[in-house]
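Protein chains in written order, with this note's numbering: chain A, 580 to 794; chain B, -5 to 120. Working notes, beginning with the structure itself.
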Ligand SMILES: Nc1nc2c(ncn2[C@@H]2O[C@H](COP(=O)(O)OP(=O)(O)OP(=O)(O)O)[C@@H](O)[C@H]2O)c(=O)[nH]1
Ligand SMILES: [Mg+2]
Ligand SMILES: [Zn+2]
Ligand SMILES: [Zn+2]
């Protein structure tokens, strides 16, 4: 029997359903991916603190074991649902769907999905997001983009975080960008520091612009 | 390791197909996996026994057809073989490209044994 069926068909179907949900509610959904510790939660905390008066935010936190990241978001006072993936090293679209049923986000809001810290697996699983943002930090190798090409291939924006540490590390920003452009010539970059606050205004502008593009 | 999710996705597809065909079991399954699909075959082999245990795929022969990467250069409009995502076009050194093959991740086909009409296929030994 001939099938020709995509193995991730089921995930893809539910991702399309999530996408439809976001479109119907005029929501911007951002899937945040990075290696462990690149600063996803830190960027979120800071973003939410600075921006929560300017827009309605919701967060879905993916983590294999703990509730720590969700607690950090909760402390900022933004609605958050924690999804524990257990053995799974990435979020799948059905988990997002279930989390949305709990969150019940309002129309015109912004949803952040912090994926599990991992540059391999989350690349393959569409969650139905509007935008995929990959974070690398200056404490990592600047060749990450060609070591994990799928992730950089599928992202629209790359945040280069921990830019405050640049004087102390061997990270070559231009080289990292050149590598990322080899796998994705269209990718955009913003250099930021979640702790010091460098470059965050540009990131906030990016978010608001993307949200306005929806309408 | 997303290979477990991949394997379970395959089991799901096999289950459904088996049900629809009212087949008793699957003799063989053919997968089409592109070299740029992001699947580590060794990892897939590793998780396979646990994923198929007690399912319609238990004991089925697994045939994997690998697909080479191929890209269309968006600068010079020529096709070229792509080993890695980051390869430049060998004709013009450009990086703007569209991947046209190598991302396949499909269950291509299955061979069943039907209960009432046992196909005298070269059945698999386990
Ligand atoms: N110097 C500096 N440190 C940072 C910055 N952003 C994050 N960190 C630190 O990096 C560490 C990891 O940050 P997290 O925000 O927890 O990283 P994460 O990507 O959410 O980590 P996982 O969820 O475990 O994958 C923390 O100790 C942060 O304080 C930054 O811009 N500059
Ligand atoms: Mg985190
Ligand atoms: Zn994985
Ligand atoms: Zn070319």
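Every residue gets a Cβ at the ideal spot worked out from N, C-alpha and C, and that includes glycine. This one's a predicted model, so the numbers in the text were calculated from it and none came from an experiment.
Determine, for residue i, whether the minimum Cβ-Cβ distance to residues of chain B falls below 8 Å.
i: residue 764 (chain A); result: yes
i: residue 615 (chain A); result: no
i: residue 632 (chain A); result: no
i: residue 585 (chain A); result: yes
i: residue 674 (chain A); result: no
i: residue 553 (chain A); result: Residue 553 (chain A) is absent from the model: chain A starts at 580 and stops at 794.
i: residue 625 (chain A); result: no
i: residue 658 (chain A); result: no
i: residue 580 (chain A); result: yes
i: residue 705 (chain A); result: no
Along the alpha helix (DSSP H) that carries residue i, what are the first and last residues, could you check?
i: residue 103 (chain B); result: First-last for residue 103 (chain B): 99 to 107, but that is the beta strand (DSSP E), not the alpha helix (DSSP H).
i: residue 4 (chain B); result: -3 to 15
i: residue 632 (chain A); result: Residue 632 (chain A) -> no alpha helix (DSSP H), and no H or E assigned at all.
i: residue 656 (chain A); result: No alpha helix (DSSP H) holds residue 656 (chain A); DSSP gives it neither H nor E.
i: residue 593 (chain A); result: 588 to 603
Which value, in whole angstroms, describes the spacing of the CA atoms of residue i and residue j?
i: residue 94 (chain B); j: residue 72 (chain B); result: 12 Å
i: residue 752 (chain A); j: residue 724 (chain A); result: 12 Å
i: residue 719 (chain A); j: residue 104 (chain B); result: 44 Å
i: residue 36 (chain B); j: residue 680 (chain A); result: 37 Å
i: residue 600 (chain A); j: residue 705 (chain A); result: 14 Å
i: residue 598 (chain A); j: residue 716 (chain A); result: 29 Å
i: residue 63 (chain B); j: residue 700 (chain A); result: 20 Å
i: residue 65 (chain B); j: residue 735 (chain A); result: 20 Å
i: residue 676 (chain A); j: residue 617 (chain A); result: 26 Å
i: residue 758 (chain A); j: residue 17 (chain B); result: 50 Å
i: residue 626 (chain A); j: residue 609 (chain A); result: 13 Å
i: residue 685 (chain A); j: residue 653 (chain A); result: 18 Å
i: residue 788 (chain A); j: residue 781 (chain A); result: 10 Å
i: residue 750 (chain A); j: residue 38 (chain B); result: 34 Å
i: residue 91 (chain B); j: residue 68 (chain B); result: 5 Å
i: residue 41 (chain B); j: residue 29 (chain B); result: 19 Å
i: residue 101 (chain B); j: residue 673 (chain A); result: 21 Å
i: residue 8 (chain B); j: residue 51 (chain B); result: 7 Å
i: residue 15 (chain B); j: residue 791 (chain A); result: 49 Å
i: residue 732 (chain A); j: residue 763 (chain A); result: 5 Å
Please confirm whether any heavy atom of ligand 1 lies closer than 7 Å to the CB of residue i.
i: residue 690 (chain A); result: no
i: residue 615 (chain A); result: yes
i: residue 741 (chain A); result: yes
i: residue 744 (chain A); result: yes
Does residue i have its Cβ less than 8 Å from a Cβ in chain A?
i: residue 9 (chain B); result: no
i: residue 39 (chain B); result: no
i: residue 120 (chain B); result: Because residue 120 (chain B) carries a pLDDT of 46, less than 50, the predicted location of this residue cannot be relied on, and no value is offered for it.
i: residue 0 (chain B); result: yes
i: residue 85 (chain B); result: no
i: residue 117 (chain B); result: Note that residue 117 (chain B) has pLDDT 49, beneath the 50 cutoff, so the model's placement of it is unreliable and the number below is only indicative. Output row for residue 117 (chain B): interface = no.
i: residue 57 (chain B); result: no
For the beta strand (DSSP E) containing residue i, list its first residue and its last residue.
i: residue 19 (chain B); result: 19 to 28
i: residue 685 (chain A); result: Counting along the chain, residue 685 (chain A) falls outside any beta strand (DSSP E), and DSSP gives it neither H nor E.
i: residue 671 (chain A); result: Premise fails: residue 671 (chain A) is in no beta strand (DSSP E) and is neither H nor E.
Going by DSSP, name the residue or residues bridged to residue i.
i: residue 642 (chain A); result: A:663
i: residue 710 (chain A); result: A:609
i: residue 58 (chain B); result: B:25
i: residue 581 (chain A); result: B:103
i: residue 73 (chain B); result: B:66
Mind checking whether the beta-carbon of residue i lies closer than 7 Å to any heavy atom of ligand 2?
i: residue 619 (chain A); result: yes
i: residue 696 (chain A); result: yes
i: residue 13 (chain B); result: no
i: residue 770 (chain A); result: no
i: residue 624 (chain A); result: no
Should residue i be listed as close to ligand 4, given that the test is whether its C-beta is under 7 Å from any heavy atom?
i: residue 73 (chain B); result: no
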